[in-house]
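Using this note's numbering, the letters of the sequence shown map in sequence onto residues 10 to 231. These notes concern the structure reproduced below.
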Amino acid sequence: MDWSILFPQNCIICNNSLCGNEKYICLHCENKLPKTDFHNKIDNPAEQLFMGKADIEKATSFCFYNSGSSFRDAIHEIKYGNNPRLAYKITTIYSEELIKVDWFKDIEAIVPVPLHFIKESSRGYNQSHWIAKAISDTTGIPILYNLIYKKSNTKSQTLNNLYRRYINSIDKYSVSKAHTPNKILIVDDVLTSGSTITSCVEAIRKINPSCIICVLTIAFAG
Ligand SMILES: [Zn+2]
């Protein structure tokens with residue numbers, strides 16, 4: 010049965026109906042996406058962001074955040090518009106591209122960057138979970154939802170600002186298990202300074218110093 014008759018699909022960017030073998034996005038919008046093509050570039054700008062900060066094997070992002078306003082609107086919708094399914098669809102498009110170049114080779118687990126539980130309960134979702142789910146559904150790689158958790162920072166509220174900022178920057182995340190897989194993919198929505206993911210990498214390295222870590226985001230604002 011052709012389910013598209015019962016559930017007509019529309020382009021996630023322009024909302025026009027999809028035709029033929031278009032999936033989630035129409036050909037016209039796909040051609041206008043500000044793709045980074047980082048996964049085909051050695052020492053790409055996403056990887057350069059982590060140089061000297063975090064020891065990662067590779068990093069990639071789907072599209073530039075700063076150019077192409079329709080993509081920027083889509084990311085805004087994911088973060089603040091109560092539309093995390095959009096993150097799932099965008100990530101599915103990218104995952105299918107990455108599979109073609111064997112980018113996910115040997116990755117044993119997908120780890121979404123956690124939101125603090127207070128933030129997650131006020132928003133109702135963590136968009137990085139939807140990104141992880143899309144990659145998992147496309148590749149079959151399992152997700153470790155709670156491997157990393159965000160520490161509460163309420164204790165440090167009484168400390169002076171400079172010290173608090175220092176503590177927050179080096180010690181935000183912890184790993185919940187005594188062991189981790191040997192090759193992990195950390196995923197998030199937007200890569201900006203890389204400091205959040207750097208903290209996650211440090212937390213994983215405390216448990217498994219030889220862990221190979223890869224990074225994927227759907228937007229790059231670095
Ligand atoms: Zn479109």
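Note that beta-carbon positions come from the ideal geometry of N, C-alpha and C, so glycine has one too.
*Which term fits His-37, buried or exposed, when burial requires 16 or more other beta carbons within 10 angstroms of its beta carbon?*
exposed
*asked:* Taking only three categories from DSSP, how would you classify Thr-189?
replied: coil
*asked:* Less than 6 Å between C-beta atoms, sequence neighbours within five positions excluded: which residues of the same chain meet that for Phe-71?
replied: Tyr-103 and Ile-227
*Compute the Euclidean distance between the alpha carbons of Ser-165 and Lys-181, then round it to the nearest angstrom.*
Here the model assigns Ser-165 a pLDDT of 46, short of 50, so the residue's position is not dependable and the matter cannot be decided.
*Report buried or exposed for Cys-35, applying the criterion of at least 16 other Cβ atoms within 10 angstroms of its Cβ.*
Its Cβ being crowded by 16 or more others within 10 Å, Cys-35 is buried.
*Among residues of its own chain, excluding the 5 on either side of Leu-58, which ones have a beta-carbon nearer than 6 Å to its beta-carbon?*
Gly-203 and Gly-231
*Report the rounded CA-to-CA distance for Lys-215 versus Gly-61, giving the unit in angstroms.*
17 Å
*asked:* Could you compute how far the alpha carbon of Glu-56 sits from the alpha carbon of Thr-201?
replied: 12 Å
*Under 8 Å by Cβ, that's how I've got Ala-96 and Trp-139 pegged, so tell me the actual separation to the nearest angstrom.*
4 Å
_Inter-residue Cα distance where the pair is Pro-121 and Lys-142_ = 9 Å
*Exposed or buried, which one is Pro-93 when buried takes at least 16 other CB atoms within 10 Å?*
Pro-93 counts as buried, since at least 16 other C-beta atoms from the protein chains shown sit within 10 angstroms of its C-beta.
*asked:* Does the contact criterion of 3 or more C-beta pairs under 8 Å hold for the stretch 183 to 197 versus the stretch 106 to 122?
replied: yes
*Can you check the stretch 38 to 78 for any alpha helix (DSSP H) of at least 4 residues that lies completely inside it and give the ranges in chain order?*
You should have 54 to 59.
*Please list, in chain order, all residues of the same chain as Asn-91 whose beta carbon is under 6 Å from its beta carbon, the five residues on each side excluded.*
none
*Which full runs of the beta strand (DSSP E) of 3+ residues lie inside the stretch 102 to 144, going along the chain?*
118 to 121
*For Cys-20, which of helix, strand or coil comes out of DSSP?*
coil
*Just to check, is the beta-carbon of Ile-84 closer than 7 Å to a non-hydrogen atom of ligand 1?*
no
*Please name the residue or residues paired with Cys-223 in a DSSP beta bridge.*
Lys-67 and Leu-194
*Could you tell me if Asp-52 is buried or exposed, where buried requires 16 or more neighbouring beta carbons within 10 angstroms of its beta carbon?*
exposed
_Residues of its chain near Ser-137, where Cβ-Cβ distance is below 7 Å and the 5 sequence neighbours each way are ignored_ = Pro-121, Val-122, Val-196, Asp-197 and Asp-198
*Where does Ala-228 sit, in a helix, a strand or coil, going by DSSP?*
The DSSP-derived three-state label of Ala-228 is strand.
*From Lys-98 to Lys-160, what does the alpha carbon distance come to, in whole angstroms?*
Roughly 30 Å separates the two Cα atoms.
*Where Thr-163 falls: helix, strand or coil (DSSP)*: Its pLDDT being 49, under 50, Thr-163 is placed unreliably by the model, and the measurement read from it follows with that caveat. Three-state DSSP puts Thr-163 in coil, outside helix and strand.
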